[in-house]
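Numbered by full-length UniProt numbering, the letters in the sequence shown go through residues 1 to 312 in order.
We put the CB at the ideal spot given by N, CA and C, even for glycine.
In this text the structure is predicted, and so the values were computed from the model without any measurement.
For reference, the structure is listed below as structure tokens.
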Amino acid sequence: MAEKSNTMVPVYNSTKTTNGGEVLLLPFTEDHKPQFPPIVSSYNDKIRPILDAVDKLRRLKVTQEGIPLPAIVVVGDQSSGKSSVLESLAGISLPRGQNICTRVPLIMRLQNHPDLVPELLLEYQKKSVTIMEESQISDAIDKATVEIAGDNKGISNVPLTLVVKKNGVPNLTMIDLPGIARVAVGDQPENIYEQISDMIMEHIKPEESIILNVLAANVDFATCESICMSRRVDSTGQRTLAVVTKSDQSPEGLLEKVTSNDVNIGLGYICVRNRIKDETYEEARMQEATLSNSPIVVQDGQVHYRYSCIGT
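Here it is as structure tokens:
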């Protein structure tokens, strides 16, 4: 395995075909800036201002006045691989651990950035903290979380916003919520499950919310607590999307699980492989490509393949 590096992982969106027919991924350099297809550029030009407007309204706390805002809400049982999915989208490292890592609503604002040097910012409790290096993100989030929620592993509904302006990331805003823990550990409050459940229900109940359910491939989807919560507010699944993690750990029967769609995931499934241990993001993507040329996407009872949907 290649030695882990603290340097920024290059963005591979350019390709070159060799004489032998192999397709190579080429990193962008300062002299070779990314050129997006017209449809992508049009999407970025139109969607980014809308997302910015929604983010400004969210900072004004209009939701406290009963005004709902559109949002992608990320939910999942503890250890479902939720953080890995978010890391893959943003190309950064988030806090990890055996117990609850996300203890406050983490609003992730991803903005595609023309420069190769990313801009990183944390906003919380009227503070704005600039993060100088990507390797400092996890520690900065941990520190801010302690300021908001204390150091006793409890949770708080006070949000923390992480702004990631980086080359190659999608223009996207998501709200990551604590993983569902059924039993309190250590000095967590005894009603930790009820606290997390109440927080999740508050965020996914509005019809303006898209529910991104992160499910581990090696568990029974029907017994996942996050699925049960989703079905309470979205029984038809019309605003629920599922990302199935750890797909390499459940090779047999996974296709049947997602095609049967017993739990009403109306927006379809995307199966991904988690990044493990000290793998770089590029190493993880290569391993996932070996597992499957493209992740499985199931929608309307049909199996589709999307090469652009890369896992962790």
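- prompt: Measuring CA to CA, which of Asp55, Lys82, Ser88 and Asp52 is closest to Leu177?
  reply: Selected option, being the one with the closest Cα: Lys82.
field: DSSP-derived helix/strand/coil call for Val169
entry: Taken through DSSP and simplified to helix, strand or coil, Val169 comes out as coil.
task: Look up Gln111 in the DSSP assignment and give the residues it is bridged to.
output: Note: Gln111 is bridge-paired with Lys165 in the DSSP secondary-structure output.
message: Rounding to the nearest angstrom, what Cα-Cα distance links Ile175 and Met108 in this structure?
response: Rounded to whole angstroms, the gap between the alpha carbons of Ile175 and Met108 is 6 angstroms.
- request: Report the three-state DSSP secondary structure of Glu119 (helix, strand or coil).
  value: Here Glu119 sits in strand by DSSP.
- prompt: Cα separation between Val54 and Asn218?
  reply: So the two alpha carbons sit approximately 36 angstroms from each other.
Outcome for Gln80 when other beta-carbon atoms lying within 10 angstroms are tallied against a minimum of 16: Reading off the sequence, residue 80 comes out as Ser, not Gln. By the neighbour-count definition (other C-beta atoms within 10 Å, threshold 16), Ser80 is a buried residue.
- prompt: Alpha carbon to alpha carbon, how far is Ile47 from Gln111?
  reply: The alpha-carbon atoms of Ile47 and Gln111 are separated by roughly 11 angstroms.
Outcome for Met132 when other beta-carbon atoms lying within 10 angstroms are tallied against a minimum of 16: Exposed.
message: Using a 10 Å radius around the Cβ and a threshold of 16 neighbouring Cβ atoms, would you call Asp31 buried or exposed?
response: Because Asp31 carries a pLDDT of 49, less than 50, the predicted location of this residue cannot be relied on, and no value is offered for it.
- prompt: Do Leu212 and Leu241 have their C-beta atoms within less than 7 angstroms of each other?
  reply: Yes, these two residues count as a Cβ contact at 7 angstroms.
query: Would you report the Cα separation of Lys143 and Gln136, rounded to the nearest angstrom?
result: Taken atom to atom, the span from the alpha-carbon of Lys143 to that of Gln136 is near 11 angstroms.
- prompt: Under 7 angstroms between the Cβ atoms of Leu69 and Arg58?
  reply: Cβ distance < 7 angstroms, so Leu69 and Arg58 count as in contact.
Option nearest Ala71 by Cα separation, candidates Leu106, Asp151 and Ser88: It is Leu106.
query: Taking the DSSP output, what are the residues bridged to Asn213?
result: In the DSSP assignment, Asn213 forms a beta bridge with Val75 and Ala242.
- request: Take Asn171 and list the residues in its own chain whose beta-carbon comes closer than 8 angstroms to its own, dropping the five residues that flank it on each side.
  value: If we look at Asn171 and ignore the five residues flanking it on each side, its Cβ neighbours are Tyr43, Asn44, Ile47, Arg48, Leu51, Leu110, Gln111 and Asn112.
message: I'd like to confirm the pairing. Which residues does DSSP put opposite Asp176 in its beta bridges?
response: Paired residues: Val74 and Leu106.
query: If you run the structure through DSSP and keep just helix, strand and coil, what is Glu208?
result: The answer is coil: DSSP assigns Glu208 none of H, G, I, E or B.
message: Tell me the rounded alpha-carbon separation between Thr173 and Leu120.
response: Taking the straight line joining both Cα atoms gives about 14 angstroms.
query: Among Gly154, Gly91, Lys166 and Val164, which residue has its Cα nearest to the Cα of Gln195?
result: Checking every option, the nearest Cα to that of Gln195 belongs to Gly154.
field: Under the three-state DSSP convention, the category Cys224 falls into
entry: Note: Cys224 maps to coil in three-state DSSP.
query: alpha helix (DSSP H) containing Ser128: first to last residue?
result: Element bounds for Ser128: not the alpha helix (DSSP H) but the beta strand (DSSP E), Lys127 to Ile131.
query: What is the DSSP secondary structure of Ile270, counted as helix, strand or coil?
result: When DSSP states are grouped into helix, strand and coil, Ile270 belongs to the strand group.
query: Exposed or buried, Ala2, counting other C-beta atoms within 10 Å across all chains shown (16 or more means buried)?
result: Model confidence at Ala2 stands at a pLDDT of 43, short of 50, so the residue's coordinates are unreliable; what they give is reported in the following sentence. Label assigned to Ala2: exposed.
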